[in-house]
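Q: The listed protein sequences derive, respectively, from chains A and B. Quick note, the first sequence lines up with residues 836 to 944 if you use the working numbering. Quick note, the second sequence lines up with residues 6 to 430 if you use the working numbering. For each residue, glycine too, the CB sits at the ideal point set by N, CA and C. What follows is a single structure, and I will ask about it in a moment.
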Amino acid sequence: MTRARAIVATLAGVSLLGLAGPVRGEGDPAYGEYLANECTACHPPDVTDGVIPPLWMLPTDYFIEALKAYQTGERENPVMQAVARALGDEEIASLAAYFAYLREQKGGS
Amino acid sequence: MSRLTRRGLLGTTAVLGVGLVAAPHVLRAQTRPKVVVIGGGAGGATVAKYVARDSKGAIEVALVEPKETYTTCFYSNLYLAGWRSLESITHRYVNLVEKYGVIHYRDMAVDVDTGKKVVRLASGRELPYDKLVVAPGIDFRFDTIEGYDEAASMDMPHAYQAGEQTALLRTQLEAMEDGGTVVIAPPPNPYRCPPGPYERTSLIANYLKKTKPKSKILVCDSKDKFSKQALFQDAWQRYYDGMIEWIPGELGGRVVKVDTKAMTVTLEGGDVIKASVANIIPAQKAGWIAHRAGLANDSGWCPIDPDSMASTVAQDVYVLGDASIASKMPKSGFAANSQAKVVAMDIRHQLLGDKRFPARYRNTCWSSVADNDAVKVGASYKAGETQIEVVDKFISQVDEPPEVRAQTRAEADAWYDSITQDMFA
Ligand SMILES: Cc1cc2nc3c(=O)[nH]c(=O)nc-3n(C[C@H](O)[C@H](O)[C@H](O)COP(=O)(O)OP(=O)(O)OC[C@H]3O[C@@H](n4cnc5c(N)ncnc54)[C@H](O)[C@@H]3O)c2cc1C
Chain A
836 MTRARAIVAT LAGVSLLGLA GPVRGEGDPA YGEYLANECT ACHPPDVTDG
886 VIPPLWMLPT DYFIEALKAY QTGERENPVM QAVARALGDE EIASLAAYFA
936 YLREQKGGS
Chain B
6 MSRLTRRGLL GTTAVLGVGL VAAPHVLRAQ TRPKVVVIGG GAGGATVAKY
56 VARDSKGAIE VALVEPKETY TTCFYSNLYL AGWRSLESIT HRYVNLVEKY
106 GVIHYRDMAV DVDTGKKVVR LASGRELPYD KLVVAPGIDF RFDTIEGYDE
156 AASMDMPHAY QAGEQTALLR TQLEAMEDGG TVVIAPPPNP YRCPPGPYER
206 TSLIANYLKK TKPKSKILVC DSKDKFSKQA LFQDAWQRYY DGMIEWIPGE
256 LGGRVVKVDT KAMTVTLEGG DVIKASVANI IPAQKAGWIA HRAGLANDSG
306 WCPIDPDSMA STVAQDVYVL GDASIASKMP KSGFAANSQA KVVAMDIRHQ
356 LLGDKRFPAR YRNTCWSSVA DNDAVKVGAS YKAGETQIEV VDKFISQVDE
406 PPEVRAQTRA EADAWYDSIT QDMFA
């Protein structure tokens with residue numbers, strides 16, 4: 836584990852431990868932050884009245900399940916299906932870890 | 006917790022406690038590495054913001070952009086339709102400067118010495134760099150249509166660099182009488198925003214149908230097919246039946262000559278059309294400064310390394326956005342924004358030793374075709390051996406139900422707000 840990861844894992848510990856959802860294994864929040872740069876082309880940083888939600892607000896389990904549902908086609912939006920198909924389990928876990936960290940930074944639960 | 010900075014999270018060189026003192030770039034704090042970005046458009050603004058923000062001041066970022074504000078070409082067709090104001094698609098650099106410490110030189114880059122690693126500005130100022138990002142967008146090949154040069158574009162606007170040109174086209178459409186003919190001349194490939202001229206056709210038709218329903222649009226094309234063609238033609242038939250005629254290149258549609266006094270447009274097939282409004286979009290090439298810097302090849306565009314967008318011609322130089330040859334990636338604002346993030350990561354890796362991840366690129370282009378109807382096309386990309394390659398793609402279907410189209414229309418608005426925040430907020 837890199838130093839940055841170790842630090843984040845400690846500081847964002849609660850959320851990272853909460854990752855025992857559909858995706859097992861530990862996410863690298865630094866990788867997650869890089870991957871999340873892709874999401875911000877469409878997802879806003881804050882709540883808006885638009886149809887695309889800010890991602891850090893979504894509970895970790897919900898977030899992971901939603902991405903899985905786009906992968907299987909259960910959720911139908913082709914834009915998000917393409918996004919999700921480009922993510923493996925490691926990527927999803929890393930994104931989840933990063934957004935959990937961000938949620939904590941923003942004072943969420 | 007408050008000491009866990011963004012740099013700490015992003016980099017392997019964590020800016021924390023002892024790590025701070027040991028980090029080589031901090032020891033060199035007096036002479037921070039310098040990044041110069043030429044062009045504050047979709048690509049340049051993103052890269053300037055990302056490098057400055059994520060390096061937390063460890064890299065000095067200079068943005069060279071003569072304009073005080075940036076009006077996006079994306080969504081400019083919605084302004085032509087009368088749906089959006091010009092202000093709502095115009096953005097300022099103030100956040101880049103005040104929040105992230107980007108230095109904005111309101112100046113033109115006029116020369117680049119890639120050997121000495123210096124950019125010269127019109128004012129005479131010289132900016133040395135460790136890494137240079139060239140993102141000047143497009144210039145026009147004014148030698149391809151007889152009679153069409155920069156002066157002619159004041160009578161027959163291209164409206165393919167947003168701002169004055171777009172406002173001019175809108176003014177002409179407003180002044181036009183009912184029953185007039187609008188000529189739209191899309192450029193040959195490759196060009197900025199492949200669906201752009203056809204979204205424009207749809208949205209000008211949308212405006213005319215509401216205000217001047219006897220008018221006609223003649224799309225005089227140099228090509229035989231175009232992006233999202235089936236989707237556009239389906240929409241034209243459903244919403245604007247009889248109003249739009251598309252003349253492909255194989256039927257002599259290419260515009261070969263214009264006369265701005267007579268307001269006539271001559272087609273390759275021999276027809277001379279009297280236009281009420283003529284939107285002539287000429288063939289394109291990488292922005293002038295990219296040529297001046299020696300970064301372009303014979304195609305008129307700049308070859309790059311697919312894994313980093315680094316120029317394959319000059320050291321320590323990146324080219325991104327429309328000016329680059331991103332192979333399968335279209336020239337779009339979305340693509341430029343996506344490429345900029347890869348460049349920003351590579352720069353921090355090279356200059357600060359921050360962690361590097363594999364390049365990933367994405368594009369999505371929404372096109373509005375009517376009030377509650379938009380279509381989309383998109384793809385995921387990766388770096389191949391020699392070029393950027395498609396991993397996966399999608400496109401809207403012709404027979405989608407209205408709810409899906411309405412959702413797509415709403416998504417486009419949400420995307421516009423997000424991506425412009427991603428660039429400028
Ligand atoms: C009608 C239309 C509709 C479009 N719709 C969409 C859409 O829906 N979605 C989408 O993703 N894309 C769309 N696009 C495409 C998009 O606008 C471009 O692909 C995008 O702007 C490219 O970004 P860029 O950074 O390469 O260039 P630009 O955004 O053009 O930025 C270049 C900047 O560089 C500056 N510059 C140039 N030369 C110099 C110099 N020598 N010194 C200093 N500064 C310089 C210019 O002033 C300019 O601000 C559309 C384009 C058009 C024309």
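Flag ARG920 of chain A as yes if its beta-carbon sits less than 8 Å from any beta-carbon of chain B, otherwise no.
A: Chain B contact via Cβ: present.
Q: To the nearest angstrom, report how far apart ALA340 of chain B and VAL277 of chain B are at their CA atoms.
A: Each residue's Cα considered, the two are about 38 Å apart.
Q: Who pairs with HIS96 of chain B in a beta bridge, going by DSSP?
A: For HIS96 of chain B, which the question treats as bridged, DSSP gives the partners B:TYR75.
Q: Roughly how many angstroms lie between the CA atoms of PHE145 of chain B and LYS903 of chain A, to the nearest whole one?
A: So the two alpha carbons sit approximately 45 Å from each other.
Q: May I ask you to report which of helix, strand or coil DSSP gives GLN166 of chain B?
A: Three-state DSSP puts GLN166 of chain B in coil, outside helix and strand.
Q: Tell me the residue span of the alpha helix (DSSP H) that contains LEU132 of chain B.
A: Here LEU132 of chain B belongs to no alpha helix (DSSP H); instead the beta strand (DSSP E) covers 131-133.
Q: Mark THR271 of chain B as exposed unless 16 or more other C-beta atoms lie within 10 angstroms of its C-beta, in which case mark it buried.
A: The residue in question, THR271 of chain B, is buried, as its Cβ has 16 or more Cβ neighbours within 10 Å.
Q: Counting only beta-carbon atoms, is LYS346 of chain B nearer than 8 Å to chain A?
A: At least one chain A Cβ lies under 8 Å of LYS346 of chain B.
Q: Hey, is ASP75 of chain B close to ligand 1, as in C-beta under 7 Å from one of its heavy atoms?
A: For clarity, residue 75 of chain B is Tyr in the given sequence; the question names Asp instead. Correct: TYR75 of chain B has its Cβ closer than 7 Å to ligand 1.
Q: Note down, in chain order, each residue of its chain lying with its Cβ closer than 6 Å to the Cβ of ARG205 of chain B, except the 5 sequence neighbours on either side.
A: Around ARG205 of chain B: ASN82.
Q: Using 7 Å as the cut-off, classify the Cβ of PHE145 of chain B as near or not near the heavy atoms of ligand 1, replying yes or no.
A: Checking the Cβ of PHE145 of chain B against ligand 1 gives no.
Q: For GLN412 of chain B, return the contacting residues in chain A, with the cut-off set at a CB-CB distance below 9 Å.
A: In chain order: VAL886, ASN912.
Q: Report the neighbours of ILE396 of chain B on chain A: residues whose CB is nearer than 7 Å to its CB, in chain order.
A: The displayed chain sequence assigns Val, not Ile, to residue 396 of chain B. Near VAL396 of chain B (Cβ distances below 7 Å), the residues of chain A are ALA921.
Q: Which same chain residues end up closer than 8 Å to PHE231 of chain B when comparing Cβ atoms and leaving out the 5 residues on each side of it in sequence?
A: So the qualifying residues of the chain are PRO191, PRO199, PRO200, PRO202, TYR203, PHE237.
Q: Are there 16 or more other CB atoms within 10 angstroms of the CB of MET334 of chain B, so buried, or fewer, so exposed?
A: Flag for MET334 of chain B reads buried.
Q: Apart from the five residues just before and just after GLU926 of chain A, which ones in its own chain have a Cβ nearer than 7 Å to its Cβ?
A: Correct list, in chain order: LEU870.
Q: Would the beta-carbon of LYS214 of chain B fall within 8 Å of that of ASP183 of chain B?
A: No, Cβ-Cβ distance for LYS214 of chain B and ASP183 of chain B is not below 8 Å.
Q: At 9 Å on the CB atoms, spell out the chain B contacts of THR883 of chain A, in chain order.
A: Under the 9 Å cutoff, chain B gives ALA419, ASP422, SER423.
Q: Taking three-plus beta-carbon pairs below 8 Å as touching, is the region 148-165 of chain B in contact with the region 252-265 of chain B?
A: Output reads yes: the region 252-265 of chain B touches the region 148-165 of chain B.
Q: For ALA931 of chain A, would you say it is in contact with chain B, using Cβ-to-Cβ distances shorter than 8 Å as the test?
A: Closer than 8 Å: no.
Q: Give me the residue from B:VAL396, B:THR391, B:GLY87 with the minimum Cα distance to ILE309 of chain B.
A: Closest option to ILE309 of chain B, Cα to Cα, is B:THR391.
Q: LEU356 of chain B to ALA114 of chain B, Cα distance in whole Å?
A: Their backbone Cα atoms lie some 23 Å apart in a straight line.
Q: May I have the straight-line CA-CA distance separating ASN342 of chain B from GLY49 of chain B, to the nearest angstrom?
A: C-alpha separation (whole angstroms): 8 Å.
Q: Could you work out which residues of chain B lie near PRO879 of chain A, taking near to mean beta carbons separated by less than 8 Å?
A: Those are ALA419, ASP422, SER423, GLN426, listed as they occur along chain B.
Q: If I'm right that THR502 of chain B touches ALA379 of chain B with Cβ under 8 Å, what's the distance once you round it to whole angstroms?
A: The first residue shown for chain B is 6 and the last is 430, placing residue 502 of chain B beyond what the model contains.
Q: Would you call MET161 of chain B buried or exposed, if buried means 16 or more other Cβ atoms sit within 10 Å of its Cβ?
A: MET161 of chain B is buried by the Cβ-count criterion.
Q: Are the C-beta atoms of MET350 of chain B and some chain A residue less than 8 Å apart?
A: Output row for MET350 of chain B: interface = yes.
Q: Looking at the structure shown, is HIS878 of chain A part of a helix, part of a strand, or coil, going by DSSP?
A: HIS878 of chain A falls in the coil class under three-state DSSP.
Q: Measuring straight from C-alpha to C-alpha, what distance separates HIS30 of chain B and GLU868 of chain A?
A: Caution applies to HIS30 of chain B, whose pLDDT of 48 falls short of 50 and renders its modelled position unreliable; the value that the coordinates give is listed next. If I take the Cα positions, the gap works out to 22 Å.
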